[in-house]
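Chemist:
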Amino acid sequence: MRIEIAAPMPGTVAEILVEAGDKVEIDDELIVIEAMKMEIPVCSTTKGTICDIRVKLKDKIETDQVLVVLE
Amino acid sequence: MAFDKFIEKLQGKKEQALLLGGQHKIESQHAKGRLTARERIDRLLDPGSFTELGMLACSDMPGMEDKTPADGIIVGYGTVNGQRIGITASDFTVLAATLSRVHGKKMHDFKQLINQYSLPNVFLGDGGGGRVPDGQGSIGMTSSAMMGTRSIFHMYTNLRRAPMITAIMGNCFGVPMWQACAADFVVQVKGSTLSVSGARALQKIIAANYSDEEMGGWQIHAEHTGITDRTAEDEEDCFRIIREFLDYMPPNNRELPSKNPVPENSGRNMDKILDILPEKRTRAYNMYKIIQSIVDSGTVFDLKPLFGKTIITCLARIHGRTVGIIANQPIVNGGAMGTDALEKMTGFLCLCDSYNIPLLFLHDSPGFLVGKEAELKKVGAKVTNAMDALSQVTVPKISIIIRKSYGQGMFSMCGPSAGPDFVVAWPSAEISFLDPVVAADVAYGSLPDEEYQKLKNQMIQEAGPGPAAGRFFLQDIIDPRETRNYLMNILDIIADCEGGGVGKHLLANWPKQF
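If you're matching them up, the sequences are chains A and B in order.
The first sequence begins at 44 in the working numbering and counts up one residue at a time.
The second sequence begins at 192 in the working numbering and counts up one residue at a time.
(1) Find the residues of chain B that neighbour residue 80 (chain A), judging by a C-beta separation of less than 9 Å, and give them in chain order.
(2) For residue 590 (chain B), is the classification buried or exposed, using 16 other Cβ atoms within 10 angstroms of its Cβ as the cut-off for buried?
(3) Return the chain-ordered list of same chain residues with a C-beta closer than 7 Å to the C-beta of residue 650 (chain B), the five sequence neighbours on each side being excluded.
(4) For residue 83 (chain A), return the contacting residues in chain B, with the cut-off set at a CB-CB distance below 9 Å.
(5) Would you list the one or two residues that DSSP bridges to residue 368 (chain B)?
(6) Express the C-alpha separation of residue 492 (chain B) and residue 606 (chain B) in angstroms, rounding to a whole number.
(7) Can you tell me whether DSSP reads residue 66 (chain A) as helix, strand or coil?
(8) If residue 464 (chain B) and residue 488 (chain B) are in contact, beta carbons under 8 Å, what's the gap, nearest whole angstrom?
(9) Over what stretch of residues does the alpha helix (DSSP H) that includes residue 277 (chain B) continue unbroken?
(10) Just to make sure I have the definition right: I need the residues of chain B whose C-beta is within less than 7 Å of the C-beta of residue 52 (chain A). Which are they?
(11) By how many angstroms is the C-alpha of residue 314 (chain B) removed from the C-alpha of residue 473 (chain B)?
(12) Let's see if you can read the secondary structure: which residues bound the alpha helix (DSSP H) around residue 613 (chain B)?
(13) Quick check: the Cα distance between residue 444 (chain B) and residue 308 (chain B), rounded to an integer number of angstroms?
(14) In the DSSP assignment, what are the bridge partners of residue 551 (chain B)?
(15) Just to confirm the assignment: which complete alpha helix (DSSP H) runs, minimum length 4, are found wholly within the segment 291 to 333 of chain B?
(16) Any beta-carbon of chain B closer than 9 Å to the one on residue 86 (chain A)?
(17) Rounded to whole angstroms, what's the CA-CA distance from residue 420 (chain B) to residue 570 (chain B)? Just pull it up for me.
(18) So residue 574 (chain B) is in the alpha helix (DSSP H); what residue range does that whole segment cover?
(19) List the endpoints of the continuous beta strand (DSSP E) containing residue 420 (chain B).
(20) Within 10 angstroms of the Cβ of residue 597 (chain B), are there 16 or more other Cβ atoms? Answer buried if so, exposed if not.
(21) For residue 176 (chain B), which beta-bridge partners are listed by DSSP?
(22) In or out: residue 44 (chain A) buried (at least 16 other Cβ within 10 Å) or exposed?
(23) Starting from the Cα of residue 284 (chain B), find the closest Cα among B:520, B:214, B:696, B:539 and give me that residue.
(24) For chain E, is any of its Cβ atoms less than 9 Å away from the one on residue 434 (chain B)?
(25) Grouping DSSP H, G and I as helix and E and B as strand, with all else coil, what is residue 139 (chain B)?
(26) Which one of B:427, B:205, B:471, B:497 has the shortest CA to CA distance from residue 414 (chain B)?
(27) Measure the alpha-carbon distance for residue 240 (chain B) versus residue 268 (chain B) and round it to whole angstroms.
(28) Straight-line CA distance for residue 382 (chain B) to residue 327 (chain B)?
(29) Using the C-alpha atoms, what's the distance from residue 196 (chain B) back to residue 245 (chain B)?
(30) Should residue 621 (chain B) and residue 654 (chain B) be called a contact, given that it needs their Cβ atoms to be closer than 9 Å?
(31) Taking buried to mean at least 16 other C-beta atoms within 10 Å of its own C-beta, is residue 322 (chain B) buried or exposed?
(32) Count the other CB atoms within 10 Å of the CB of residue 222 (chain B); is the residue buried (16 or more) or exposed (fewer)?
(33) Counting pairs of beta carbons, one from the segment 275 to 294 of chain B and one from the segment 225 to 232 of chain B, are three or more of them closer than 8 Å?
(34) In its own chain, which residues sit with a C-beta less than 6 Å from the C-beta of residue 294 (chain B), not counting the 5 before and 5 after it?
(35) Compare the C-beta of residue 102 (chain A) with all C-beta atoms of chain B and state if any pair is closer than 9 Å.
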């Protein structure tokens, strides 16, 4: 089953901590967004494998924009 | 025997009442995946503990006597894990549990008894709305509250003498909505709805096409209105949640919650607590991890987890004792608090203060969300409201400054000068009017870079907890790994104080929704 991890708020992609094929646990940090002068990690909501990373460093992102897809 | 016939007839009537609105209606209820009122009471209460009042009540409308067993609402006393409670359950199989005079009289009279005896009050809501034609006409309407000139208030009040719990278990309108808004704790079952008016009524009144789900499905309340505290997966989960909530509460507002056994492995992660805090001061982390490390294993009971998410309000236990935790959540919006978070906090202050639960504040927030949207949501009013409530709390307050605590946010989180009985900081604490980097910009931004950097770093230094501790505005700076031990000790001290933590309940009359 494909799960999409979306941005909880607008900001800029500051760090990408995983790549396609990585196995992650629930709550693992996947992407770090820079917003409100802070670096806010976006975490996995499930255990799974990363399929696809939809953003790259310095991308400007909106709320609910899909960042990572995992299985 | 002289009265045999009478007894036989009486038993017959009671058996009839147990059949609720009839087999057909019961099957219809089951087909929706829902239990009947009597089944729900049976599942929630300890076996055999139910003492019913008013089984023989029925509608006062001519011709309706035999069609309205218990007039659509079941009330009585029972126990939950040995705790005596009053229970009221809407019977959807009888005229969709609509409100009429006898139905209302049962609710009103029983609620008065429960209040008088300071017993927890559980309402299992299903259906509702005013019954037609019973309430029609001037006699119908003015008599609908049954009891006289002031009795209608029982529908909307909660005197906070003992916890009032409302469960939303069907498509609920009218009375269940008031019971939810007045309650101390609300749980909604997925698939149920809660709104003032229903879709069918709206169609006729304003020709609108909203569904019940759109107006009051579980997500509407869990995420947007904040009227519910928890969402249950199904009815069994709902009963489990109610039992769990009651276990954190005292039996009434004059007593303390019970001291429970401490689960094994509680506090075993304390020595790793510093791993949760990132090295970079601008990096967010998940505050739940800190809470889970500090409290007894498995005892976090979250309230409104999906509403106002920049603040966490949860019950938990530390060394067996119930505490109410208000904590900033850095991973949401950097921990900047909005109006939903303030509402959530105010409600939680009232809950803990009313039921003698000490409050623990964990600070890590840059302050409030500001800007046009915040002003339109009247952030000033919400801040004032929350401070007013905080100023009237008389249960013990413990404040631990984990990291950021700036400006008004510091006061709103019960920081120094805002009334904490116990106030300490972690070495990582940053306390200042403004974020030091922002303040440096404001004050020194126009200076040459080398001087600006020096002054900026000085501001960051001065925001550490040391200077405040030096003036006794902080009682101590603690090793984060000692936080659980510190709290266990403080809770022991509180238990030894006069009253042991029972408050004066100045918030008992605070409005429930604001």
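Just so it is clear, CB atoms sit at the ideal spot from N, CA and C, and this is done for glycine as well.
Modeler: Considering the structure as presented:
(1) Within the first sequence, the letter at position 37 stands for residue 80 (chain A). What residue 80 (chain A) touches in chain B: 473, 525, 557, 626, 628, 629.
(2) Locating residue 590 (chain B) in the second sequence gives position 399, counting from the first residue. Result: buried.
(3) As a first step, residue 650 (chain B) must be located in the second sequence, where it is residue number 459. Taken in chain order, the residues that qualify are 627, 630, 631.
(4) For the purposes of this step, residue 83 (chain A) is taken as the residue at position 40 of the first sequence. By Cβ distance, chain B contributes 474, 475, 521, 522, 523, 524, 525.
(5) Stepping through the second sequence from its first residue, residue 368 (chain B) is reached at position 177. Residue 368 (chain B) is not bridged to any residue.
(6) Start at 1 with the first residue of the second sequence, and residue 606 (chain B) comes out as number 415. Start at 1 with the first residue of the second sequence, and residue 492 (chain B) comes out as number 301. Roughly 24 Å separates the two Cα atoms.
(7) As a first step, residue 66 (chain A) is located in the first sequence; it is residue number 23 there, counting from the start. Three-state result, residue 66 (chain A): strand.
(8) In the second sequence, counting from the first residue as 1, residue 464 (chain B) sits at position 273. In the second sequence, counting from the first residue as 1, residue 488 (chain B) sits at position 297. That belief does not hold up - the Cβ atoms of residue 464 (chain B) and residue 488 (chain B) are roughly 15 Å apart, past 8 Å.
(9) As a working note, residue 277 (chain B) is residue 86 in the second sequence. No alpha helix (DSSP H) contains residue 277 (chain B), which is instead part of the beta strand (DSSP E) from 274 to 281.
(10) Against the first sequence, residue 52 (chain A) aligns to sequence position 9. Neighbours of residue 52 (chain A) on chain B, chain order: 524.
(11) In the second sequence, counting from the first residue as 1, residue 473 (chain B) sits at position 282. In the second sequence, counting from the first residue as 1, residue 314 (chain B) sits at position 123. Answer to the nearest angstrom: the Cα atoms are 46 Å apart.
(12) For this step, residue 613 (chain B) is matched to residue 422 along the second sequence. Where residue 613 (chain B) is concerned, there is no enclosing alpha helix (DSSP H), although the beta strand (DSSP E) it sits in stretches over 613 to 616.
(13) Here residue 444 (chain B) is taken as the residue at index 253 of the second sequence, counted from 1. Here residue 308 (chain B) is taken as the residue at index 117 of the second sequence, counted from 1. Whole-angstrom Cα-Cα distance: 11 Å.
(14) Along the second sequence, one-based indexing puts residue 551 (chain B) at 360. According to DSSP, residue 551 (chain B) bridges with B:516, B:589.
(15) 292 to 307, 328 to 333
(16) As a first step, residue 86 (chain A) must be located in the first sequence, where it is residue number 43. Output row for residue 86 (chain A): interface = yes.
(17) Numbered from 1 along the second sequence, position 229 holds the residue referred to as residue 420 (chain B). Numbered from 1 along the second sequence, position 379 holds the residue referred to as residue 570 (chain B). Cα to Cα, residue 420 (chain B) sits roughly 22 Å from residue 570 (chain B).
(18) Taking the first residue of the second sequence as 1, we reach residue 574 (chain B) at position 383. 570 to 582 is the span of the alpha helix (DSSP H), which, as asked, contains residue 574 (chain B).
(19) One-based indexing of the second sequence puts residue 420 (chain B) at position 229. Unbroken run through residue 420 (chain B): none, as it is neither H nor E.
(20) Here residue 597 (chain B) is taken as the residue at index 406 of the second sequence, counted from 1. Burial call: buried.
(21) Since the first residue shown for chain B is 192 and the last is 705, residue 176 (chain B) is missing from the structure and cannot be characterised.
(22) Position 1 of the first sequence, counted from the first residue, corresponds to residue 44 (chain A). So residue 44 (chain A) ends up on the exposed side.
(23) Taking the second sequence and counting its residues from 1, one reaches residue 284 (chain B) at position 93. When only C-alpha atoms are compared, the closest one is B:214.
(24) Of the protein chains in the structure, A and B, none is chain E.
(25) The structure shown does not extend to residue 139 (chain B), since chain B spans only 192 to 705, so no value can be given for it.
(26) Against the second sequence, residue 414 (chain B) aligns to sequence position 223. Residue 414 (chain B) has its Cα closest to that of B:497, out of B:427, B:205, B:471, B:497.
(27) Taking the first residue of the second sequence as 1, we reach residue 240 (chain B) at position 49. Taking the first residue of the second sequence as 1, we reach residue 268 (chain B) at position 77. Each residue's alpha carbon lies about 8 Å from the other.
(28) For the purposes of this step, residue 382 (chain B) is taken as residue 191 along the second sequence, with counting starting at 1. For the purposes of this step, residue 327 (chain B) is taken as residue 136 along the second sequence, with counting starting at 1. Their Cα atoms are separated by approximately 31 Å.
(29) The sequence position of residue 245 (chain B) within the second sequence is 54, counting from 1. The sequence position of residue 196 (chain B) within the second sequence is 5, counting from 1. Near 22 Å, if we compare the C-alpha coordinates of residue 196 (chain B) and residue 245 (chain B).
(30) Position 430 of the second sequence, counted from the start, is the residue given in the question as residue 621 (chain B). Position 463 of the second sequence, counted from the start, is the residue given in the question as residue 654 (chain B). Cβ atoms of residue 621 (chain B) and residue 654 (chain B): closer than 9 Å.
(31) Locating residue 322 (chain B) in the second sequence gives position 131, where the first residue counts as 1. So residue 322 (chain B) counts as buried.
(32) Looking up residue 222 (chain B) in the second sequence gives position 31. Residue 222 (chain B) should be labelled exposed.
(33) yes
(34) Mapped onto the second sequence, residue 294 (chain B) falls at position 103. Hits under 6 Å: 262, 263, 264.
(35) In the first sequence, residue 102 (chain A) corresponds to position 59, counting from 1. Chain B, which has no Cβ nearer than 9 Å to the Cβ of residue 102 (chain A), makes this no.
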